Each structure stands twice: as structure tokens, then as C-alpha cells.
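*Asks:* Following this message is one structure expressed as C-alpha cells.
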Amino acid sequence: MPELPEVETVRRGLSPLLRGKVISQVIILYPPMVRTGADALAHDLLGQKIQDVQRRGKYLIFDLGQHVLLSHLRMEGKFFFQEVAQEPLKHQHVLIDFEDGSRLVYQDVRKFGTLDYLPKADLAAYFQSKKLGPEPVEETFLLKEFREGLGKSRKPVKPLLLEQRLVAGLGNIYVDEVLWKARIHPTRSASSLSAQKAGQLRRAIIETLAEGVARGGSTIRTYKNAFGQAGTMQETLKVYGQEGQPCPRCGHPIEKIKVGGRGTHVCPRCQK
DNA sequence: TAACACACCTGTTGGC
DNA sequence: TGCCAACAGGTGTGTT
């Protein structure tokens, strides 16, 4: 389940491999994943040079100069780089070949991932239309705006954070971790959080996602980086996947409940 | 406008 | 052993 740290790890792997490569062929084996049109994409990418690979929230951005190719990995999307193009395997849906014989492969067992191709000038409007919140770093993720956003919603805090509107990059794993770290119960109404709690939550989000990036993401189920390597963040998870295990803080068994239809891990003693 | 339910999709798991 | 239903979850869309 790629969340911000996993997507950033993929970006860091792909960027030096792809920078400067010129696209010679695009094969799309599952056209519905290209929301802006598979045929147009396959045609328009030809001859374009990858300037860089960037990231915004959970989106990967392949910078082509005048245009960008936007990828969202959703649940199980992955990119693999091949020095020499190989025969596609099952679940490999997009093949991007380069003039030097190398290939970028998009693989996605559940076909949830998406690709969009748009002018670079439209990128800001694109993210605005998605109501994508700020990156979870000190400079952009401001306490005042975060507190105001929490205060406007009576929703449980967990599904609100998953919306990406108040802050970009959290998914089901990291949201459980940050709520545990901030000692906030996931079902608690967002507007009921005090200013102090909002500050603790913001701090937990910034620190936890930064640690996730530093550790190369967490490998739960199937996530791997561009080289097929696993991350190590899963070794430090305090509640996610720890059902029945003692809470590292108070020793009470971690429980698994449903919040907003999502599996949610919580310590009922220290998360109020 | 907010909140919620459901669809998308397929491999895994557990029950019978 | 084989079959089937439930489950996993990020985001978009439809409904209330």
C-alpha cells in the first residue's frame, strides 16, 4: 500500500535511472488505467525526454518538459526498471521503452493505479481540483490552517486525515501510527480536538512520515522500491498489524476495529 | 456542503 | 482438497 514514504522511495530510485532518457515506444496493455486516453498517451510520449521524476503527495510526476505524466500507485502499483527490455509478465500493464534499449514497467495486480497525461501548466490546477493538501513538512504544513480544517469537521479524525485535504500523503498504515503517537482515538470527532492535540497530531504526522521516508517506506504485503528492495519502516510500526500485541507505551493489547470501513489499529487505553 | 456507501479489482485467507 | 465468501484498501462517484 504505497503511502507518501513509499512513493518518495520509488521516486528516489527512479529519478537517477530515468533522467535524460528518450521514449521510443509505449505499450499499454490495460488501457482503462490511462484516464486521459491510452492511444493519445502512447502517441504523445514518443520522442519525449524525461527531465526528472518528482512527487506530490502520493502522486509520482514524470516531468517531460512541456507535459507531465502523473502516476498514482493506489493499492499495489509498482514501477520496475529494466536495463534491457524483457517479456512482460502477468499484471504488467504499461511498458515504456527508451532509445537505449532500457524499459520502465508499471505493474499492478489489482489494476487500481492510474495514469494522467497533461500540460505541465495545468498541474497546479489538477491538484487543486483534487483538493490536495500541503506536503507534511514544517514549511508548508501550517498549524493554523490544520487546526481550522480540523475544527470545521465533525467527522472522525481518521477518515478526515485519509481524505488528503488537510495534509497529503497519509494512508491507512501511517494514519494509525500518527494517531497512536499523538494519543488520539481514531473515532474521535476532528472538531473536538484541542489546539494542543492538533499540534501534537501535526508533529506526529511530520515526524512519522519523515521517518518513513528515511527508512525507505514500509513493506506490508507487496510493496517494493524501484530495485525490488523492501523498506524497513514496518520494523518500527507501533500499532499497524500489531493486533493482540502489547502497546509499546502502556502494555495494553492493541485492538483492531473498523473506522470508516477501514481496518484500524488502536490502543484503547492510551488513545482517548 | 457534509457524510456516508459503494464500486473498482484480484490475491489471500478462513470456513465449510 | 476444493469451493466460496469475506477481506484488504485509495480514490472517485453517487446518494441522502
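For the first sequence, the working numbering assigns the number 27 to the initial residue and increments by one for each residue that follows. Where a beta carbon is used, it is the ideal one built from N, C-alpha and C, also for glycine. Computed from a predicted model, the values in this text were never measured in an experiment.
From C276 to A111, what distance separates their C-alpha atoms?
*Replies:* For C276 and A111, the distance between alpha carbons rounds to 52 Å.
*Asks:* Which residues mark the beginning and the end of the beta strand (DSSP E) in which G103 is found?
*Replies:* Per DSSP, G103 belongs to the beta strand (DSSP E) from 103–108.
*Asks:* Which same chain residues, not among the five before or five after A224, have their C-beta less than 8 Å away from its C-beta?
*Replies:* If we look at A224 and ignore the five residues flanking it on each side, its Cβ neighbours are L169, F172, R173, L176.
*Asks:* Taking I49 and L67 to be in contact with their CB atoms under 8 Å, please state how far apart those CB atoms are, rounded to whole angstroms.
*Replies:* So it is not a contact: roughly 11 Å between Cβ atoms.
*Asks:* Quick check on the burial criterion: 16 or more other C-beta atoms within 10 angstroms. Buried or exposed for D65?
*Replies:* Result: exposed.
*Asks:* Do the region 216–235 and the region 281–292 make contact, defined as three or more Cβ pairs closer than 8 Å?
*Replies:* No, they do not touch.
*Asks:* Within the region 106–172, note down every full beta strand (DSSP E) run reaching 3 residues or more, in order along the chain.
*Replies:* Here the runs fully enclosed are 118–124, 129–134, 140–145.
*Asks:* Measure the alpha-carbon distance for K250 versus K104 and round it to whole angstroms.
*Replies:* Below a pLDDT of 50, predicted positions are generally treated as unreliable, and K250, at 49, falls in that range; no measurement from the model is reported.
*Asks:* Using 8 Å for Cβ pairs, my map puts P257 next to E32. What's the rounded Cβ distance?
*Replies:* With the sequence shown as reference, residue 257 is identified as Gly, and Pro is not the correct amino acid for it. Sure, about 7 Å apart at Cβ, within 8 Å.
*Asks:* Just the Cα atoms here: how many angstroms apart are M27 and Q92?
*Replies:* If you take the alpha carbons of M27 and Q92, they lie about 31 Å apart.
*Asks:* Measure the C-alpha to C-alpha separation of R241 and M259 and round it to an integer number of angstroms.
*Replies:* So the alpha carbons of these two residues sit roughly 5 Å apart.
*Asks:* If I'm right that V201 touches F167 with Cβ under 8 Å, what's the distance once you round it to whole angstroms?
*Replies:* About 15 Å separates the two Cβ atoms, so there is no contact after all.
*Asks:* R191 by DSSP, collapsed to three states: which one?
*Replies:* Reduced to three states, the DSSP call for R191 is coil.
*Asks:* Output yes or no for whether 8 Å exceeds the beta carbon distance between R81 and L158.
*Replies:* No, these two residues do not count as a Cβ contact at 8 Å.
*Asks:* For V265, tell me which candidate among A236, I199, E164 has the shortest Cα-Cα distance.
*Replies:* Looking at the Cα atoms, I199 is the closest of the given residues.
*Asks:* Would you be able to state if there are at least three C-beta pairs under 8 Å between the region 107–123 and the region 175–189?
*Replies:* Taking 8 Å as the limit for Cβ pairs, the verdict is that the region 107–123 does not touch the region 175–189.
*Asks:* What span of residues does the beta strand (DSSP E) with G289 cover, start to end?
*Replies:* Segment 288–292, the beta strand (DSSP E) holding G289.
*Asks:* Give me the residue from V60, T140, A147 with the minimum Cα distance to D89.
*Replies:* The option with the nearest alpha carbon to D89 is A147.
*Asks:* When the Cα atoms are used, what is the spatial distance from D142 to F153?
*Replies:* Cα to Cα, the separation comes out at about 12 Å.
*Asks:* Three-state secondary structure (DSSP) at E29?
*Replies:* Coil, per DSSP.
*Asks:* Is the separation between the beta-carbon of Q297 and that of I231 shorter than 8 Å?
*Replies:* Contact flag unset, no.
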